[in-house]
Amino acid sequence: MSLLVLAALLVLSWTALAQGPTGQEILDELSFRTILSGSGSAELTMITENAKGAQRSYELQVYVRMDEEGDAQFLEYLAPGDVRGTKFLSLKPKDGESQMWLYLPALGRERRIASHMTGDSFMGTDFTYEEIGGSFDYEEDYAVQRLQDQVEQGVDCYLLELTAQGSAAAYDRVLIWVWKDKMVPVKIEFYGSGNVLTKTLTLSDFQLVSGELIPHRVVMANNMEGTRTILELTKVSQEEVSPDIFTVRNLRR
Amino acid sequence: MQRWFKLVLDHPWVVMGVVVVLTAFAASFLPRITFDASIDAMIPEDDPVLLELMEVVDDFGTQDLFLIAVQSDNVFNPAVLKKIHDLAAELEALPGVAEVQSPFNAQKVTSGFWGIEIAPMTAELPQSPEEIEDFKKDILDSPYAGRLVTADGRGAALFLELESLSLIPDLSELMGQIEEIAARYAGPEEIHVVGDAYILYYTERAMKQDLLKLVPFVVVIVGAVLYATLRSALGIVLPLVTVGTSVIWTVALMIWQGIPVSIISMVMPVILVTIGIASSIHILNKYQEALSGGLPKRQALEQTFGAITSPVVMAALTTAAGFAALITAFVEPIREFGVLTAVGVILAMALSLSLVPAILMLVKEPKVRLAEDKPAREGLLTRILLSFVHWAVYRPKRLVAVVVALLIVFALGAGLITLESNIVNYFGASSPVKRATMVIEEVFGGSMQIAVVLDTGEPDGIKDPAVLAELVTIQEYLNSFDTINHATSVADVIRELNQAMWDGDPEFYTLPDSPEAVAQLLLLFSMQGGSGLDSLVTYDYSRALVTAQMKTLDAEAMGQVISQVESFLKERYGAESGLQAYLSGTPKVMQRLMNRYVQTQVSSLVSSGIMVGLIVSLLMKSVVLGLFSLIPLAFTVVVNFGIMGFAGLPLDAVTSMISSVAIGIGVDYAIHYISRYRWEAASGQGTAAALERTGTSAGRAIIFNALALIAGFLVLVFSHFRAIAVFGLLISAAMIVSSLAALLVVPLLLNFSAKRQLRKG
């Protein structure tokens, strides 16, 4: 091997070192914790905003359980008063059909509601069920590439570009800003067909909960419709929730 | 003035140069011409009815319907369904189209064993007989029966929702695409497009076509008239150059002021060309007369303009006054048209007194035909004109009796006049938009949207079941009219959801009994991805909308329906109800316009009468003569309204201008007659002799002038717009009536006043 080639190799590896981790390495290390991922419970405020900036605010108690049997969610509306006591149960067994149930206290009735395909709006908000559950499964459907680092929300960030591979991907392109120090995303932009910005997710107010960094304020802006959904965590617990919560019987209680 | 003509005749090239430069400058504006035929543009921007509509649009989105209807023997046929499906898909793909509601994607609430679902009517295009049968049952059982598919299965409709106008770069391009797509899918099925935006596009295109057709046409007609009267190339070119220049200047002024061409100002070029040539004819006649008297060119021109200036100015001022009186109109384009045409008339006058002498100075004097020796004394026309004078002088009582009788008859006819403000009705019955509107209304119950806003004044007020019950009451009230169909509101959504909560039992298609139940059903709706609430209720649930489809009616019927609905709302939602309700939508704006046509008519009539009377009085230095010149016009106006009433021609934006225009133009005949009479009477002959001479000489000129104007105005009959064609006919009739009235009534009055003076003296 000539000296020249050796020198070239050295320069190349040195450059790679200076650049730090690759996109794939960052993605692998990234800690994706949104509000409803993992098991636990939370109290949160959900604000939906229309294109004119008018808002509707709800307070919710949320229980989540993820285990080998599947995912389960139980939501109860605490406010405003006219929907207080409205409860929603979603069961997604690993093997078997998803089920969703709704209990309307003013009618004293619970009814099964047709379960949505993944990709549909969560509770009529700007989030999809997938996004709210934190199950961004980017690795399968996207190729990742690291772009020039940027400062976002006042912190140094890696910038990742995910490009859709195959037709299963929900978006054509996704940009993720990752807080270098904490390895959590602070902003995600979703681009639809024609490279049009469709949605922007902003995560902030990170707080440690049982040793994990969890964003306490999550805003999803629908750039097409001009609407926004704001989730603010007020109480979070990572304590295991009893499976008894996630039953149709519990809706009426 | 003499000094002015000296200046012009000394420096004809300078005058030419200035006019050419100004015209070139003005012509540079012409490519920026814009068109606007919208109803909204007709109403002042700060009008309360329009502001109210804007507020409703702001709260609930567009209130314009855009509908595409497919008519077939049976739409429940695989091929036809596929066609409708593809048509919808292609329309939805157009940039600018936000959404297409079709029989396939219409949202339905169902309740099956798998749960409550809010989903499109059908997930896939039904093709097999079983699928089609299911689909047919689903949609005909749904609230969309009659709205998206007719019960007899012979028609299907697509409702287009356009993006907000700011997001559409080129609306007419979009309309052209929609038109093209609809045409491509047509056959054997009929496909009709109706929507305010489309009608606007169609109207603006018709306006452009009209202009391209009518303006050259009127130039040809007027050219022919000029040839018949003056029989020389100069006699054709000079008047046409003058009026052409004045039209270019006026249109440039309009563009510079940012005024778009409206369905009303569209007739301006035809009117300016037609009325503008008269002064040139007078000038050329007089010039030839002077030349045949043996004067050299320069002196002949000086004499001509010395004699002609005052009548030319007077005619222009009175005509301009007639048009300027339209500034009192409520309808914006009428005001613009009035002022611009007045300016055009003045500009044409200015050109007659500058450009015309300059050109005449520069060109060789025309060959003088020797004054004809047999002044058609024996001619039929002369005999008729003489008999007019004799009638007025020797049998005044009979003439008065006839005039009064005619006045009474036509005044009775005037009582039958109807009003019209719907742009669709400005087209004739054979026009595609008019036909599409009629078909769609026949099949789908209405092509216009009306809306009732119910305002509770507090957030969440609409969730009160008692308030929702009021929405149902309003819906039922609206649907009770034959001409209003498919009234809907958020109460329908609530009732559907309630039914779904109770396993789809039709007995539960009712409103729940508590606001909480309503709130929870609405939560269910939004959780299940239901959409469309934004067009029915505000985000804070303080106001809700009841919308319905309304048929295009003649103005009177529409006015009745609107005032009935309004008095119903006013009575039911008084101060003690705690609720406020009002009607809005395009039909309301149309009714507003219509009410104002009458006001436009009266105010412009009165002000043009006063202005014209004043000008004539001042110029003739006699109030009596000013009044005399108005009397034939009063007669003309009454006859015009009588004709409209008897013939069933409605008063609309275009026809409501006729009186002012007729007064402004028609007064020239009386002025002409009176001026000539004074001149003749000054020579000392008796009244009867003076009238005979006036009646035959000025009478001839008046008849020819009227015929030339009529020839020009009749060009308007070939317009796409029935309203403009009617305007052309009526204004022609008014020219006949006002010229005849001048020839009969003016001598009667002059003779009468001369006798009185004799008695006094």
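As given, the protein sequences belong to chains A and B, one line each in that order. When you number the first sequence by this note's numbering, it's gap-free, plus one each residue, and the end is 253. When you number the second sequence by this note's numbering, it's gap-free, plus one each residue, and the end is 1761. Glycine residues also receive a C-beta, built at the ideal position from the N, C-alpha and C atoms.
- Task: Would you mind telling me which residues of chain B sit closer than 7 Å to Gly124/A, beta carbon to beta carbon, in chain order?
- Result: Here residue 124/A corresponds to residue number 124 of the first sequence, with the count starting at 1. In chain order: Ser1526, Met1527, Gly1529.
- Members of the region 74-93 of chain A near chain B, C-beta cut-off 9 Å: Tyr77, Pro80, Gly81, Asp82, Val83, Arg84, Gly85, Thr86, Phe88
- Query: Which residues in chain A sit within 7 Å of Ile1494/B, going by Cβ to Cβ distance?
  - Reply: Here residue 1494/B is taken as the residue at index 494 of the second sequence, counted from 1. In chain order: nothing, as chain A lies at least about 12 Å away.
- Item | Where Ile113/A meets chain B, residues with beta-carbon distance less than 8 Å | Walking along the first sequence from the start, residue 113/A turns up at place 113. Ordered by position in chain B, the residues that pass the 8 Å Cβ test against Ile113/A are Gly1115, Ile1116, Glu1117, Leu1524, Met1527, Gln1528.
- Task: Pull up the CB-CB distance for Phe1035/B and Ile1255/B, whole angstroms please, since I reckon it's below 8 Å.
- Result: Locating residue 1035/B in the second sequence gives position 35, where the first residue counts as 1. Locating residue 1255/B in the second sequence gives position 255, where the first residue counts as 1. Not a contact, Cβ separation roughly 11 Å.
- Task: State the DSSP-derived secondary structure class of Ala1581/B, mapped to helix, strand or coil.
- Result: Taking the first residue of the second sequence as position 1, residue 1581/B is located at position 581. Strand.
- Query: Nearest to Tyr158/A by alpha carbon, out of Val196/A, Asn250/A, Val184/A, Gly194/A?
  - Reply: Position 158 of the first sequence holds residue 158/A. The shortest C-alpha separation from Tyr158/A is found at Val184/A.
- Message: Pull the bridge partners of Arg146/A from the DSSP assignment, please.
- Response: Numbered from its first residue, the first sequence carries residue 146/A at position 146. Per DSSP, Leu160/A.
- Query: Which residues in the same chain have their Cβ closer than 7 Å to the Cβ of Lys1286/B, if we skip the five residues on either side of it in sequence?
  - Reply: Taking the second sequence and counting its residues from 1, the one referred to as residue 1286/B is at position 286. Closer than 7 Å at the Cβ level, and outside the excluded window around Lys1286/B, lie Thr1304, Ala1307, Ile1308.
- Message: Taking its Cβ as the centre, do 16 or more other Cβ atoms sit within 10 Å of Lys1083/B, making it buried, or is it exposed?
- Response: Along the second sequence, one-based indexing puts residue 1083/B at 83. The residue in question, Lys1083/B, is buried, as its Cβ has 16 or more Cβ neighbours within 10 Å.
- Query: Is there a Cβ from chain B that is less than 9 Å from the Cβ of Met100/A?
  - Reply: What you label residue 100/A is simply residue 100 of the first sequence in a count that begins at 1. Yes, Met100/A counts as interfacial toward chain B.
- Message: At the level of alpha carbons, what is the spacing between Ala1182/B and Met1349/B?
- Response: In the second sequence, the residue the question calls residue 1182/B occupies position 182. In the second sequence, the residue the question calls residue 1349/B occupies position 349. Going from the Cα of Ala1182/B to the Cα of Met1349/B covers about 50 Å.
- Would you kindly report the start and end of the unbroken alpha helix (DSSP H) that includes Ile26/A? Taking the first residue of the first sequence as position 1, residue 26/A is located at position 26. Run containing Ile26/A: 23-29, per the alpha helix (DSSP H) assignment.
- Item | Beta bridge counterpart(s) of Leu233/A as assigned by DSSP | If you number the first sequence from 1, residue 233/A lands on position 233. Paired residue(s): Leu44/A.
- Name the two residues that bound the continuous beta strand (DSSP E) containing Arg111/A. Residue numbering aside, residue 111/A sits at position 111 when the first sequence is read from its first letter. That run of the beta strand (DSSP E) goes 109-113.
- Please state whether DSSP places Gln1107/B in a helix, a strand or coil. Numbered from 1 along the second sequence, position 107 holds the residue referred to as residue 1107/B. Three-state DSSP puts Gln1107/B in a strand.
- Message: Within 10 Å of its beta-carbon, does Ser13/A have 16 or more other beta-carbons around it, so buried, or fewer, so exposed?
- Response: Within the first sequence, numbered from 1, the residue matching residue 13/A stands at position 13. Only weak support is given to the placement of Ser13/A: the predicted model assigns it a pLDDT of 49, under 50, and the value that follows is read from those uncertain coordinates. Ser13/A comes out exposed.
- Is Asp1134/B helix, strand or coil when you go by DSSP? For this step, residue 1134/B is matched to residue 134 along the second sequence. Asp1134/B: helix per DSSP, three-state reduction.
- Item | Cβ separation of Gly1096/B and Leu1162/B, assumed to be a contact under 8 Å, to the nearest whole Å | In the second sequence, the residue the question calls residue 1096/B occupies position 96. In the second sequence, the residue the question calls residue 1162/B occupies position 162. Contact holds; Cβ gap of about 6 Å.
- Query: Among Leu1524/B, Ala1742/B, Val1639/B, which one has its Cα closest to the Cα of Pro1632/B?
  - Reply: Taking the second sequence and counting its residues from 1, the one referred to as residue 1632/B is at position 632. Per the Cα distances, Ala1742/B.
- Go ahead and label Phe1113/B buried or exposed: buried means 16 or more other beta carbons lie within 10 angstroms of its beta carbon, across all protein chains shown. For the purposes of this step, residue 1113/B is identified with residue 113 of the second sequence, where counting begins at 1. Its Cβ having fewer than 16 others within 10 Å, Phe1113/B is exposed.
- Item | Ala1454/B versus Ser57/A - alpha carbon distance | If you number the second sequence from 1, residue 1454/B lands on position 454. If you number the first sequence from 1, residue 57/A lands on position 57. Inspection of the sequence shows that residue 1454/B is occupied by Leu rather than by Ala. When rounded, the distance between both Cα atoms is 24 Å.
- Query: From Ala1206/B to Pro1333/B, what distance separates their C-alpha atoms?
  - Reply: Here residue 1206/B corresponds to residue number 206 of the second sequence, with the count starting at 1. Here residue 1333/B corresponds to residue number 333 of the second sequence, with the count starting at 1. Cα to Cα, the separation comes out at about 17 Å.
- Just to confirm, are Asp1534/B and Asn50/A a CB contact at a threshold of 9 Å? Residue mapping note: residue 1534/B aligns to position 534 of the second sequence, counting from 1. Residue mapping note: residue 50/A aligns to position 50 of the first sequence, counting from 1. Cβ distance < 9 Å, so Asp1534/B and Asn50/A count as in contact.
- Item | Length-filtered (4 minimum) alpha helix (DSSP H) runs lying within the region 1156-1185 of chain B | 1171-1185
- From Asp1010/B to Ile1658/B, what distance separates their C-alpha atoms? Here residue 1010/B refers to the residue found at position 10 of the second sequence. Here residue 1658/B refers to the residue found at position 658 of the second sequence. Going by the C-alpha atoms only, they are around 42 Å apart.
- Task: Give the range of the beta strand (DSSP E) segment to which Met1550/B is assigned.
- Result: For the purposes of this step, residue 1550/B is taken as the residue at position 550 of the second sequence. First-last of the beta strand (DSSP E) with Met1550/B: 1543-1550.
- Item | chain A residues whose Cβ lies nearer than 8 Å to that of Ser1782/B | With chain B covering only 1001 through 1761, there is no way to say anything about residue 1782/B.
- What residues from chain B crowd round Ser121/A, counting only those whose CB sits closer than 7 Å? As a working note, residue 121/A is residue 121 in the first sequence. Near Ser121/A (Cβ distances below 7 Å), the residues of chain B are Gly1529.
- Query: Along the chain, which unbroken stretches of the alpha helix (DSSP H) at least 4 residues long are found entirely within the region 1022-1101 of chain B?
  - Reply: 1048-1060, 1078-1092
- Contact set between Gln1520/B and chain A, taken where Cβ atoms lie within less than 8 Å: As a working mapping, residue 1520/B is identified with position 520 in the second sequence. Correct list: Asp82, Val83, Thr86, Leu104, Pro105, Ala106, Leu107.
- So with Cβ pairs under 9 Å, would you call Lys199/A a contact of chain B? Numbered from its first residue, the first sequence carries residue 199/A at position 199. No - not a single Cβ of chain B is within 9 Å of the one on Lys199/A.
- Gln1591/B: buried (16+ other C-beta within 10 angstroms of its C-beta) or exposed? Here residue 1591/B corresponds to residue number 591 of the second sequence, with the count starting at 1. Buried: at least 16 other Cβ atoms inside 10 Å.
- Taking 9 Å as the CB-CB limit, is Asn50/A close to chain B? To locate residue 50/A, count along the first sequence from 1; it is residue 50. Chain B, which has a Cβ nearer than 9 Å to the Cβ of Asn50/A, makes this yes.
- Residues of the region 1444-1478 of chain B whose Cβ lies closer than 8 Å to any Cβ of chain A, in chain order: Asp1460, Lys1463
- In chain A, which residues lie less than 9 Å from Tyr1509/B when you measure between Cβ atoms? The sequence position of residue 1509/B within the second sequence is 509, counting from 1. Here the premise fails: no neighbours, minimum Cβ distance about 15 Å.
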